[in-house]
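This report concerns only the one structure given below.
Residue numbers (UniProt numbering): 1 to 219.
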């Protein structure tokens with residue numbers, strides 16, 4: 001390994017790699033936020049919805065969780081264009097990861113809400129709280145303590161899954177790295193560098209999650 005050559009090429013490729021890193025972060029943040037919001041509604045429907053709604057949502061969760069992310073990405077990019085919904089590669093990738101994230105978050109939320117005693121919901125109703133107020137002030141604070149560790153794992157999975165968007169031409173960090181490798185032929189060095197960057201991203205997410213978990217934990 002020629003370390004000085006690698007550093008030179010790394011500096012020369014810094015703008016393209018930073019651009020790829022920026023897209024990776026943007027894709028991951030957008031997918032996790034949108035997927036989490038959608039997942040909360042999925043979890044609520046699974047827990048408190050009518051029987052027919054729970055059946056439909058269960059199919060949604062099982063289908064998305066049982067489908068490889070790679071297939072979801074290709075489906076969102078190619079199949080949607082066939083039916084007339086033209087999305088850019090970036091938009092299709094975010095949509096696929098959002099759907100994947102929502103199925104996992106929905107199951108996490110369902111499990112957390114189901115573990116809360118029914119008596120707390122009934123007590124909230126007895127003092128005049130609406131369902132929305134009950135969820136925000138009574139159920140959500142308790143559910144967060146159970147949701148957070150698994151949600152952090154889901155967020156790190158989304159970061160790793162973002163590498164698959166290179167297959168549809170999204171120039172995130174992995175594809176940007178591959179483009180540099182095709183020019184420099186320093187495959188080992190740049191793949192190790194990319195792996196280290198992905199490790200740092202997930203490490204930051206895990207540490208942030210643990211910090212929040214400590215703050216909301218009951219003494």
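Every residue gets a Cβ at the ideal spot worked out from N, C-alpha and C, and that includes glycine.
Here the structure is a predicted model, which is why all the values come from computation and not from measurement.
Test item: CB-CB of residue i and residue j under 8 Å
i	j	result
residue 187	residue 97	no
residue 80	residue 87	yes
residue 197	residue 13	no
residue 157	residue 24	no
residue 94	residue 154	no
residue 17	residue 177	yes
residue 145	residue 47	no
residue 240	residue 116	No statement about residue 240 is possible, as the shown extent of the chain runs from 1 to 219 and does not include it.
residue 194	residue 174	yes
residue 159	residue 28	yes
residue 134	residue 121	yes
residue 69	residue 57	no
residue 101	residue 4	no
residue 170	residue 75	no
residue 213	residue 141	no
residue 55	residue 168	no
residue 99	residue 139	no
Residue i versus residue j: straight-line alpha-carbon distance, rounded
i	j	result
residue 39	residue 206	20 Å
residue 147	residue 108	6 Å
residue 216	residue 33	20 Å
residue 192	residue 199	10 Å
residue 203	residue 209	10 Å
residue 20	residue 182	16 Å
residue 152	residue 201	12 Å
residue 66	residue 84	26 Å
residue 2	residue 166	28 Å
residue 119	residue 53	23 Å
residue 50	residue 137	23 Å
residue 10	residue 132	51 Å
residue 221	residue 190	The structure shown does not extend to residue 221, since the chain is modelled only from 1 to 219, so the question has no answer here.
For the structure I just gave you, are there three or more beta carbon pairs, one from the segment 61-69 and one from the segment 125-138, closer than 8 Å? no
Minimum length 4: unbroken alpha helix (DSSP H) runs contained in the segment 172-199: 173-184
Ordered list of alpha helix (DSSP H) runs contained in the segment 74-154, each at least 4 residues: 89-114, 118-126 and 131-134
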